[in-house]
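Residue numbers (the working numbering): 662 to 1022.
Only one structure is covered here, and it is reproduced in the block below.
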Amino acid sequence: MAALQSREVRAMNSRVRIAGFSIGSAIVIGVLGFLFPGSALGRLVGTIDGSYVSAALRYTVPIGFAALGGIFAEKSGVINIGLEGLLIISAFIGIAVADTMAGSAGATQTTLWLGFFAAVLASTLFALLFAIVCIEFKADQIIAGLAVWLIALGLAPFGSKIIWGRVNSPSVGTLNNWQIPLLADIPVVGPILFDANPVVYMLLAAVPLTWFVLNETAFGRWVKASGENPMALDTVGVDVRRVRYASVLLSGVLAGIGGAGLSLGQAGLFNGSGTTMVDGRGWIGITAFLFGNYNPLGAFGASFLFASLDALQIRLQQVGFQLPNELIGIIPYVTVIVVLAFVGRTRIPDAAGEHYESGEE
C-alpha cells in the first residue's frame, strides 16, 4: 500500500512539474514576444488572441470527448482502445447522412443535426458490438479495440467511394454557432465562451457532468467498483456485466459526439485519405485521460493542451516561421511522446482488461 501511494505521489509530482513547466514556458515566450514585437516570436505572440483560444477549444472537442469516453470504459474494467475507430465512423456517418438527406437542395441545419445524431448512434452501435465481443465472448480487449479501429479505418473510406466516388466527401457545411446575447459582447471572454459551436458547449458541459456522475452518484461508484473489485460489486447484488455494458456504450456515445463534432462542427466534410481526418485524435484522447489519471477535469486539461499545440502549429505556418511545414506539424505528437515519457506511472484500475463472470471465486 505504501509503495502504491508512493508511485501515485511521484506520478502526481510529474504531472505538476509538466504543468508548471508548460505554464512557465508560455509566460517566458509571451514576455519575449512582447519585448521583441518585430521578431518572428513577436509576430507569433501577436497572433495568439481570442480567435486562437476559440480554435483550440474547437480542436479539443474530438480529443476531449474520446478521453471522457475512455474514462468510463476503462474505469469499469473494459480497455477500449478503439476510440480512434469510433471517431472515424461517427465523423463519416455524420457527413454521409447529412449529405444524403440534403439531396440536391443542399444541407440545412436540420439535416446537419440529423447527421449528428446518426453519427452518435453509429458510434454507439460499434461500441455495443465491441462490448458484446469483449463481455459476452471474452475476447482480448486490446485486439478487439484494434479491430474496431481497423474496421472503421477501412470501412469509412470504402463507404466514401461508394457514396461519392472518392474517399473525400463534398462540403456540406457546419453547425451554426450558438451566440448568447449580451454575454457574447463581453470583451475577450465573450467571443470565446458565448459565441461558440454547439459541440464546444457540449464538451464544456460534459466535463463537469462526467466528474459528477463518477464521483457523486451510485452509478459512478458502481463503475469504479466494476474496474477495481468486480467481485465485491457482484456480492452486493449489482450486475457487473450491465455496468460494463453501460460504461462501454457511454464511451460510444461520447466518442460519437466527438467524431460528429469534428466533421459537422468543424470541417463540414469527411476526409478519408491516409489515417482519415481523425488523424490520431482518438489515440491522443487515450493519452489525455492517462495523463489526467482518469479524472475528467485533468483529461480535459490535457486534451486542451494537445489541441492548443495543434492550433499553434497552424499559427506557426501562418506567421511564416522558417521551419519546414512537416516539422511544425509534428509538434503536437512530439509533445504526446514527451508527456508519456515524463508523466510517471498512471495507476490503471486493478481489474481493467480482466473478464468477470458472476459467481466467480
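Think of the CB as a built atom: it goes at the ideal place given N, C-alpha and C, for glycine as much as any other residue.
It should be emphasised that the depicted structure is a prediction, and the values quoted were computed from it without experimental measurement.
Per the DSSP secondary-structure output, residue 839 pairs in a beta bridge with 857.
With a threshold of 16 other beta carbon atoms within 10 Å, residue 925 meets it and is buried. In the DSSP assignment, residue 956 forms no beta bridge with any residue.
Cβ neighbours of residue 832 within its own chain (closer than 6 Å, five residues either side excluded): 929, 930. Taken in chain order, the whole alpha helix (DSSP H) runs of length 4 or more contained in the stretch 859 to 893 are 859 to 877, 879 to 889. Taking the Cα of residue 753 as reference, the smallest distance to any Cα among 801, 797, 796, 823 is reached at 823.
Just measuring C-alpha positions, the residue of 967, 932, 963 sitting nearest residue 818 is 932. Taking C-beta atoms as the reference points, residue 920 and residue 715 fail to come closer than 8 Å. Check the Cα spacing between residue 777 and each of 787, 767, 760: the tightest is with 760. Between residue 890 and residue 1011, the C-beta gap is smaller than 8 Å, which places the two residues in contact.
With fewer than 16 other beta carbons inside 10 angstroms of its own, residue 869 counts as exposed. At least 8 Å separates the beta-carbon of residue 839 from that of residue 867.
Taking one beta carbon from each stretch, the stretch 729 to 740 and the stretch 790 to 809 have 3 or more pairs nearer than 8 Å; the two touch.
Secondary structure note for residue 904: its alpha helix (DSSP H) is the uninterrupted segment 901 to 923. Taking the C-beta atoms as reference points, residue 770 is found nearer than 8 Å to residue 837. Exposure of residue 764 is indicated by the presence of fewer than 16 other C-beta atoms within 10 angstroms of its C-beta. Annotation for residue 827: no alpha helix (DSSP H) segment contains it, and DSSP assigns it neither H nor E. Scanning 871, 953, 942, 757 for the CA closest to the CA of residue 825 turns up 757. Residue 932 is bridged by DSSP to 829. Between residue 946 and residue 724 the beta-carbon gap is near 5 Å, inside 8 Å, which marks them as a contact.
If one requires a minimum length of 4 residues, the alpha helix (DSSP H) runs lying completely within the stretch 713 to 779 are 744 to 763, in chain order. Comparing C-alpha distances from residue 972 to each of 991, 954, 787 shows the shortest one belongs to 991.
Residue 789 is positioned such that its CB atom lies closer than 8 Å to that of residue 910.
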